[in-house]
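Chains as they are written, first to last, in our numbering: chain A, 1 to 169; chain B, 1001 to 1102; chain C, 2001 to 2404; chain D, 3001 to 3677. Working notes, structure below.
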Amino acid sequence: MSLPFIVFFVCAFLAVLGALTLILAREPIHSALALILVMVSLAVLYLLLGAEFIAAVQVIVYAGAIMVLFVFVIMLLNAGIEERTDFSKLAKYAGLPLGMFLILFLAHWMAHSLIGQQVANGVAGTNVSVATRDLSHQLFQTYLFPFEATSILILIAILGALVLAKKDE
Amino acid sequence: MSIVPISYYLVLSAILFGLGIVAFVFKRNIITIFMAIELMLNAVNLAFVAFARAHDQLDGLVFVFFVIVVAAAESAVGLAIIITLYQNRQTLNIERINLLKF
Amino acid sequence: MDFVTQHPVLVVSLAKIVGLMFLLMTTLAYLSWFERKVIAHIQSRWGPYYVGAHGLLQPLADGVKFLFKEDLTPPGADRFVYILAPMLALTLAMTTIALIPFGPPTVQWLGQSTLIVADSSIGLMFVFAITSMGVYGVALAGWSSNSKYPLLGGLRSSAQMISYEVALTLAVVGVVLLTGTLNFNEMITSQSGYYLHFIPRWNVVPQIVGFLCYFMSAIAETNRAPFDLPEGETELVGGFHTEYSSFKFAMFFMAEYANMITVSCLATILFFGGWLSPFPDSWTVMRYLPPAGLLALAVYLAYDTVVLARGIARIQLIVVTTGALVIGLACLHPVVLTIIQGPFWFLLKVGLIMFFYVWTRATLPRLRYDQLMTFGWKFLLPVALANLVITALVKVWPLLVNHG
Amino acid sequence: MFILDHLWIIIALPLLGAAINGLLGKNFSKPIVNSVGIGSIALAFLAFAELVREFAQLPAEQIPWVKTYFTWITAGQFKVDFSLQVDQLTIIMLGVVTFVSLLVHIYSTGYMAHEEGYYRFFSYLNLFVFFMLTLVLAANVVLMFVGWEGVGLCSYLLVGFWFLKQSAISAGKKAFITTRIGDFGFTIGILLLFWTFKSVDFGVIFKQLVSGPPDAVVSTSVLTTICLLLFVGAVGKSAQLPLYVWLPDAMEGPTPVSALIHAATMVTAGVYMVARMNPLFSRAPIAMFVVALIGALTAFYAATIGLVQTDIKKVLAYSTVSQLGYMFLGLGVGAYASGVFHLMTHAFFKGLLFLSAGSVIHAMGGDQEMPHMGGLRSKIPITFWCMFIATFAIAGIPGFAGFFSKDEILEAARSGPNANIWLWLLGLIGAGFTSFYMFRLIFLTFFGEPRYDEHKVHVHESPYNMTVPLICLAILSTVGGWVAAPHLVGGTDYFEKFLHPVFATYAPASSLDGLKQSLEAAGIAGSQVSVVAPPAEAAEAPGMMLLHALTGWPVLIALAGLVLAWWFYIKSPQTPKKLAESLRGPYTLVLHKYYVDEFYNAVIIQPLLWISTNVLWHVVDEGVIDGTVNGVARVSRDTGSELREIQSGNARSYATWVVIGAVGVTVLMLGLWGMVR
């Protein structure tokens, strides 16, 4: 049992735990915290896979910005305990089995797919990690247009959010 | 240095994705449903990174980057919508917001 | 056990972490003393005086007081989050120290560079990642206390932190452009060299605007005066930690100081050449500055010991004096001398910036909230952006010229 | 060689004019409309003149000159270029079209001066010219067909120009539909042509024809079928039996239109087409005979109707039909050149007749009934003289254009290649009738006592912009025929000599006709050797020949018609009435145009209407089609009303549906198909 395995299993456990908590918690803020936990542990897994930059971005943007937004909204609307209504019989009876089936099926397939058999020497550390410089080359040369497109998308999103949230006089 | 098979990561991402779907179906609070979506996105990102590592290509990481950006935009707008929705309906329970029907 | 031998990293890192924790804790404790002293003297007072010589034992007393106060939780508070918030705050605040290099990576032990815990290739990003998480401590604290002042304080401070984080990052990006790396050590080494053989080639010279932006937004980021709206006593009592008492409150307190240290370290690294000595190596005399300073301190303390004749204080003074003397003498040993150079200069610079912090707090009045926001969004952000753009232009100018 | 290289300019100019007038003309003042309309045609005419100059310098082996601009259609083997061609025949047609249309444009500025939609009229006219030129210049059948249909369209638009008049509308429709029947045959002919020769280019087809002995390339029966089908198109377009009925009604249109389209140019398109296709027809004797027969019959038949018409334009219309018949007779008996010659002269004098008639109507304030006229000679002298000359020309009085052409045709029918005495007889009697009814028209209109109310109608001569074209045409109607004059004294017929290569180059080897000798000419790459077949009297002295020609049957019978008309309508005006009384049966029959319209109405139109109403409309459309559509709609509506229950408005259900879909897709892709491994 070597270090990467330990790190992996700890983080995986935390991630799954967070996901379950997200489902089971009735207090929205708890769900938010659980999701943050998931994200952080995923970030660690990225480190393990040698994607340092992505890990950092994951924490900064997801945990640091998006989830803060969520927490804010929860505080603002001060969303209380979730009421467990069951108007949708379909969701009540079909949802869980389907979800479970999907989980098991996907997991099984992933475990036995060819690509899955490939092995990664994924350990956090500069030696095997992706050079951020190469990533930036990809981002600003190969994928320059999508990058610009996303930036425009962000701008539009900001405007949209402003317009929506603005108190209409 | 010892190694973790890619399939482990894939299985984990599959599980997280499935849990996200379950949450998506089972939560009643719109905000939480939103979080479920974010969870699914994260699972997909994990798969992306794992594949990128498996093929030693950076494209996967770039994809993750884009996914994150789009997720940011989407959550910004979505939350704004939720706020206005709440101001109009005084509820966050998605089952009580069912005017759009036949 | 073989597991440990398999991973020497663990051993070294563990050792470093423990040591660093110890140092950090004491520093945090004595920072309060430092701050009070400085402000007092600025306001022509004595400050802490009675508990030990120069009130040197004041922090100890405070700690004891915190420990023995009643730890109460407000009714209807969300216990889990209520407890989680201060932990989160302190942990995150202290984690960043792990990424800070106190000395050149050449100083090594077991093949690991000793004076840094985690030398990441993108250390800066990680620092920002962790600090960005810092918001939760405040926000959750405010929310979980189930009371309106903390909630408002929490919302305010988190809003403030988020808005100033943008300016902070933008201000730093200029430096990143200049040095072309995210790794701290590389950044520092890229600042080595001198203008005119004696003015150090630090980033603060070309990036003066960036530095000012950084420093102001850093003050706001750490919720310090004049931007300490969250604990604006006059309007919302104590801000987000109103409802917190005893050790949880202490945690927030320490977290604040830890954050101050972090941003000061960052400032040192980014703008003031980190552990680089301000003097050219040719001035060999300067290598003896650390021991000299310590010995001078020892002499002064000894004089004190003689003058102030009291029980506890004297014993304490003797201890401190001998400590300073021993360390000072040890520093004369060449090996230690080389090792000590980096940390000495680094800590000196950090200390000076901390002094700046305190100084500003003692000097400037508090802003109004709207002024704060206006300042952040409408002044700092544009200036930082302009600085960034100009830096980028200067950076690519040669390319533009060459490629027509 | 500017124009030769840029033939498109000639057809582009009228199109441009049409576009400008049609799109912007609404806001133009009359002068601008005039300058655009006339200017474009005048430029086209100048271009034509330049073309003639360059064409004259063209070495013989480069004729026909074909210019391909771009490929228009390609569908597998079927390839149509936008290519234009110029040869002698084209030159003649171009000259006629551009010149006459120019005059008509000028005339219209006067005639249409007070009409609504002035600009519309001119843009239509320009459009017509564009299509007509396309038809003439086309180097392949399909492009020709484009022009063919285009002129049909313009004819429809112009006949129905006064679209508030019910009669005008129905006349336009009648013209369009009747010609459409012919075009149907034409289309099939084109398809068969392509199917046979694997090409639609004239050049290619004709070369294939001469590539081997007849029947070797393509069997005569097929050829005959093609020719007959094409001829059906010609019959429709050129108003021959039995599809002539539209032309008289088309007189509802403005008179300039009648002059340009229904006398000079469009109706002659059929003649041009047959002439253009002469290599095919020459190899299909039966088709040739059919053409000749139809032509002769039409010539005679239409003339008989013309005898009793009282509407001045109707008379002219029937005379047009009969003259076209003569042209076809000429083509049919193998005297292509004579047919085209008559086409040209006819364009002049019939255009003149119509324009003069228009002038008369103008003077009479819109009244077209001859019984209301009379004694106009002194009132409108210019019109009178012009019309008089034109009448001499059409009646075949020696010295005038019509004389030469008609004489040649009848000559060919009597003694020419594949001559037929009966056809000649028909033509001859028709000629007699022609001169009779034409002089009847003259006498009724211009001589005798005025039969109109002096106080109501203020007869006045037309303005110059109307009379000048008349004069031009009058001159041409007089001298237009003299190019053929030497023929009478055994000399060369310059017209035929000019056209000779067109009809000689691809003439069949085996044909026993007068073009036999011209085969050698063809052998010398169409070098223009005169090969007028000197008939029997070639032996005689020129003087005798001239005498023969001047005292030939046509002349005598024409004079007879003149005298008869004079007797009937000047000497004793009551005779016609008596005559009508005595043989009432034939008279009424003819007066009602042999009840052909009624016959068509009863035999074709009514049944068609009945079927359309009771079968197609009530059963097929309402029952089947609407039923299907409504049924589909009902089914979808019902299913929708059932399915919409699913849309509960509960987002969680939707989410579940999404999940179901996701599961389905996943299972399919990964489990069943195993797409990703």
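Just so it is clear, CB atoms sit at the ideal spot from N, CA and C, and this is done for glycine as well.
Exercise. For Leu1039 of chain B, I'd like the list of residues in its chain whose CB is within less than 6 Å of its CB, leaving aside the five on either flank, ordered along the chain.
Key: For the purposes of this step, residue 1039 of chain B is taken as the residue at position 39 of the second sequence. Counting only Cβ-Cβ distances below 6 Å, and skipping sequence neighbours, we find Gly1020.
Practice problem: Compare the beta carbon distance of Ala3357 of chain D and Leu3329 of chain D with 8 Å and say whether it is the shorter of the two. | Solution: Locating residue 3357 of chain D in the fourth sequence gives position 357, where the first residue counts as 1. Locating residue 3329 of chain D in the fourth sequence gives position 329, where the first residue counts as 1. No, they are not a contact pair.
Exercise. Give, in chain order, every residue of the region 92 to 112 of chain A whose Cβ lies closer than 8 Å to some Cβ of chain D.
Key: Ala94, Gly95, Leu98, Gly99, Phe101, Leu102, Phe105, Leu106, Trp109
Self-check item: Per-residue DSSP class, three states only, for Lys167 of chain A
Solution: Along the first sequence, read from residue 1 onward, the residue named residue 167 of chain A stands at position 167. Coil, per DSSP.
Quiz item: Does Thr3666 of chain D come within less than 8 Å of chain B when only Cβ atoms are used?
Solution: Position 666 of the fourth sequence, counting from 1, holds the residue named residue 3666 of chain D. It does not: the Cβ of Thr3666 of chain D has no partner Cβ on chain B nearer than 8 Å.
Quiz prompt | Buried or exposed by the 16-neighbour rule on C-beta atoms within 10 Å, applied to Gln3574 of chain D | solution = Working through the fourth sequence from its first residue, we reach residue 3574 of chain D at position 574. Per the 10 Å Cβ criterion, exposed.
Quiz item: Which residues, taken in chain order from the region 1040 to 1074 of chain B, show a beta carbon closer than 8 Å to some beta carbon of chain D?
Solution: none
Quiz item: What does DSSP give as the partner residues of Ser2113 of chain C in its beta bridges?
Solution: Within the third sequence, the letter at position 113 stands for residue 2113 of chain C. Answer by DSSP bridge pairing, in chain order: C:Gln2108.
Practice problem: Inspect the beta-carbon positions of Ala3259 of chain D and Leu3324 of chain D and report whether they are closer than 8 Å. | Solution: As a working mapping, residue 3259 of chain D is identified with position 259 in the fourth sequence. As a working mapping, residue 3324 of chain D is identified with position 324 in the fourth sequence. No, they are not a contact pair.
Quiz item: Buried or exposed: Leu2352 of chain C, going by 16 or more other Cβ atoms within 10 Å of its Cβ?
Solution: One-based indexing of the third sequence puts residue 2352 of chain C at position 352. By the neighbour-count rule (16 or more Cβ atoms within 10 Å), Leu2352 of chain C is not buried but exposed.
Quiz item: Counting pairs of Cβ atoms below 8 Å between the region 3023 to 3036 of chain D and the region 3142 to 3152 of chain D, do you hit three or more?
Solution: no
Practice problem: Verify the contact flag: Ala3175 of chain D, CB atom, against every heavy atom of the ligand GTP, threshold strictly below 7 Å. | Solution: Among the ligands in the structure shown, none appear at all, so the ligand GTP cannot be discussed.
Quiz prompt | Test: Leu90 of chain A CB closer than 8 Å to a CB of chain D | solution = Taking the first sequence and counting its residues from 1, one reaches residue 90 of chain A at position 90. It does: the Cβ of Leu90 of chain A has a partner Cβ on chain D nearer than 8 Å.
Quiz item: Between which two residues does the beta strand (DSSP E) carrying Tyr3069 of chain D extend?
Solution: On the fourth sequence, residue 3069 of chain D is found 69 positions in, with the first residue counted as 1. It spans 3065 to 3075 - the beta strand (DSSP E) in which Tyr3069 of chain D sits, taken as one unbroken run.
Quiz item: Does any CB atom of chain D fall closer than 8 Å to the CB of Phe13 of chain A?
Solution: Taking the first residue of the first sequence as 1, we reach residue 13 of chain A at position 13. Output row for Phe13 of chain A: interface = no.
Exercise. Could you confirm whether any beta carbon from chain B is found closer than 8 Å to the beta carbon of Arg3637 of chain D?
Key: Locating residue 3637 of chain D in the fourth sequence gives position 637, where the first residue counts as 1. Closer than 8 Å: no.
Quiz item: If we call anything under 8 Å between Cβ atoms a contact, is Leu3247 of chain D one with Tyr3301 of chain D?
Solution: As a working note, residue 3247 of chain D is residue 247 in the fourth sequence. As a working note, residue 3301 of chain D is residue 301 in the fourth sequence. Cβ atoms of Leu3247 of chain D and Tyr3301 of chain D: not closer than 8 Å.
Quiz item: Distance, Cα to Cα, Val2009 of chain C vs Gln2112 of chain C?
Solution: Your numbering for residue 2009 of chain C matches position 9 in the third sequence. Your numbering for residue 2112 of chain C matches position 112 in the third sequence. Cα to Cα, the separation comes out at about 7 Å.
Practice problem: Could you work out which residues of chain G lie near Arg1028 of chain B, taking near to mean beta carbons separated by less than 8 Å? | Solution: You won't find chain G in this structure, because its protein chains are A, B, C and D.
Quiz item: Are the beta-carbon atoms of Leu3470 of chain D and Ser3582 of chain D separated by less than 8 Å?
Solution: Here residue 3470 of chain D is taken as the residue at index 470 of the fourth sequence, counted from 1. Here residue 3582 of chain D is taken as the residue at index 582 of the fourth sequence, counted from 1. Not closer than 8 Å, so no.
Quiz item: What separation, rounded to the nearest whole angstrom, lies between the Cα atoms of Ser2192 of chain C and Phe9 of chain A?
Solution: Sequence index remark: in the third sequence, residue 2192 of chain C carries index 192 (1-based). Sequence index remark: in the first sequence, residue 9 of chain A carries index 9 (1-based). So the two alpha carbons sit approximately 43 Å from each other.
Self-check item: Asn1093 of chain B at chain A interface by Cβ criterion, 8 Å
Solution: Here residue 1093 of chain B refers to the residue found at position 93 when the second sequence is read from its first residue. Closer than 8 Å to some Cβ of chain A, the Cβ of Asn1093 of chain B qualifies, so yes.
Exercise. Kindly indicate if chain A contains any beta-carbon less than 8 Å away from that of Ile1097 of chain B.
Key: Locating residue 1097 of chain B in the second sequence gives position 97, counting from the first residue. It does not; no Cβ of chain A falls within 8 Å.
Practice problem: Go to Lys3198 of chain D, then tell me how far its beta strand (DSSP E) extends in each direction, as first and last residue. | Solution: Locating residue 3198 of chain D in the fourth sequence gives position 198, where the first residue counts as 1. Unbroken run through Lys3198 of chain D: none, as it is neither H nor E.
Practice problem: Please check the pair Ile81 of chain A and Glu148 of chain A, which I expect to be a contact at CB under 8 Å, by giving their CB distance rounded to whole angstroms. | Solution: Residue numbering aside, residue 81 of chain A sits at position 81 when the first sequence is read from its first letter. Residue numbering aside, residue 148 of chain A sits at position 148 when the first sequence is read from its first letter. Wrong, their Cβ atoms sit about 44 Å apart, outside the cutoff.
Quiz item: Who pairs with Val3080 of chain D in a beta bridge, going by DSSP?
Solution: Against the fourth sequence, residue 3080 of chain D aligns to sequence position 80. Val3080 of chain D is bridged to D:Ile3073.
Quiz item: Would Leu3753 of chain D pass as a contact of Leu3423 of chain D if the rule is Cβ separation under 8 Å?
Solution: Residue 3753 of chain D falls outside the range modelled here, since chain D spans only 3001 to 3677, and no answer is possible.
Quiz prompt | Test item: CB-CB of Ala1014 of chain B and Leu106 of chain A under 8 Å | solution = Here residue 1014 of chain B corresponds to residue number 14 of the second sequence, with the count starting at 1. Here residue 106 of chain A corresponds to residue number 106 of the first sequence, with the count starting at 1. Yes, the pair counts as a contact, with Cβ atoms nearer than the cut-off.
Exercise. Using three-state DSSP, classify Tyr2357 of chain C as helix, strand or coil.
Key: On the third sequence, position 357 is the one that residue 2357 of chain C refers to. Here Tyr2357 of chain C sits in helix by DSSP.
Practice problem: Could you check what DSSP says for Pro3085 of chain D in three-state terms: helix, strand or coil? | Solution: One-based indexing of the fourth sequence puts residue 3085 of chain D at position 85. Before going on, a small fix: residue 3085 of chain D reads as Gln here, not Pro. DSSP places Gln3085 of chain D in strand when its eight states are reduced to three.
Quiz prompt | Rounded separation between Met2286 of chain C and Phe2279 of chain C - CA only | solution = By 1-based counting over the third sequence, the position of residue 2286 of chain C is 286. By 1-based counting over the third sequence, the position of residue 2279 of chain C is 279. Computed Cα separation, rounded: 7 Å.
Practice problem: Name, please, each residue of chain D whose Cβ falls closer than 8 Å to the Cβ of Leu1100 of chain B. | Solution: Looking up residue 1100 of chain B in the second sequence gives position 100. By Cβ distance, chain D contributes Gly3649.
Quiz item: Near Phe3392 of chain D, which residues of its chain fall below 6 Å by C-beta distance, leaving aside the five closest residues on each side in sequence?
Solution: Working through the fourth sequence from its first residue, we reach residue 3392 of chain D at position 392. Result list for Phe3392 of chain D: Phe3400, in chain order.
Quiz item: Which residue spans inside the region 3621 to 3648 of chain D form an unbroken alpha helix (DSSP H) run of at least 4?
Solution: 3627 to 3643
Quiz item: Between Phe140 of chain A and chain B, is there a C-beta pair that is closer than 8 Å?
Solution: For the purposes of this step, residue 140 of chain A is taken as residue 140 along the first sequence, with counting starting at 1. Chain B contact via Cβ: absent.
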